[in-house]
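Trainee: Once you've had a glance at the structure underneath, I'll fire off some questions.
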Amino acid sequence: MTSPRFGAPWPSAALQPALIDAGPAQPAAAPAGATQPLVQAEALARTFDVSPPLLNRLLEGKPRQLLHAVDEASFSIQAGQTLALVGESGCGKSTVARVLVGLYQPTRGRFLFKGQDAHAAFQRGLRLA
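So the sequence shown is numbered by the numbering used here: it starts at 2 and just counts up by one.
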């Protein structure tokens, strides 16, 4: 059977069990002497205030509206390893990435790079290379 659009063969049914049995790739071992993670997120949370302006809320009697984009995300990455954040659209993957690179401040939790608090360094204007 071929793909109607590209004319390329579809994966055969015989190949599918082998792919399923292969399972996920195993993480690489940490380099010798590496004791602390290169990157570590501890209970990261980011909340956004999506409320209407204060005057509108007061006139309409509506409370503040908070959007909890990320709540209690924790992980660590050793040197030489890769982490994939996988989830539904709108689950906070991009928000976690933006917190890690310093575009957003975490509402709670902390992010360490080589054992240093990365956001404290960002605020002081230091490079963490």
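From the three backbone atoms N, C-alpha and C, an ideal C-beta is built for every residue, glycine too. Remember, it's a predicted structure, so these values are computed and weren't measured experimentally.
1) Please confirm whether ALA42 and LEU104 have their CB atoms less than 9 Å apart.
2) Extract the residue ranges of the beta strand (DSSP E) inside the segment 58-85, only unbroken runs of 3 or more that lie entirely within it.
3) In the DSSP assignment, find the alpha helix (DSSP H) that holds LEU1 and state where it starts and stops.
4) Rounded to whole angstroms, what is the Cα-Cα separation between LYS94 and GLY88?
5) For GLU43, list the residues DSSP reports as bridge partners.
6) For PHE49, write down the residues that DSSP places opposite it in a beta bridge.
7) Taking the alpha carbon of LYS63 as the reference point, which residue from SER52, ALA70, ASP72 has its own alpha carbon closest?
8) Could you spell out the range, first to last residue, of the alpha helix (DSSP H) harbouring GLN37?
9) I'd like to know whether the C-beta atoms of PRO107 and ARG65 end up nearer to each other than 9 Å.
10) Would you report the Cα separation of PHE49 and HIS69, rounded to the nearest angstrom?
Mentor: The answer reads as follows:
1) no
2) Complete beta strand (DSSP E) runs here, min 3: 67-78.
3) The structure shown does not extend to residue 1, since the chain is modelled only from 2 through 130, so no value can be given for it.
4) Put simply, the backbone Cα of LYS94 is about 7 Å away from that of GLY88.
5) ARG111
6) Per DSSP, LEU68.
7) SER52
8) Looking at the DSSP string, GLN37 is not in any alpha helix (DSSP H), and its letter there is neither H nor E.
9) No.
10) 7 Å
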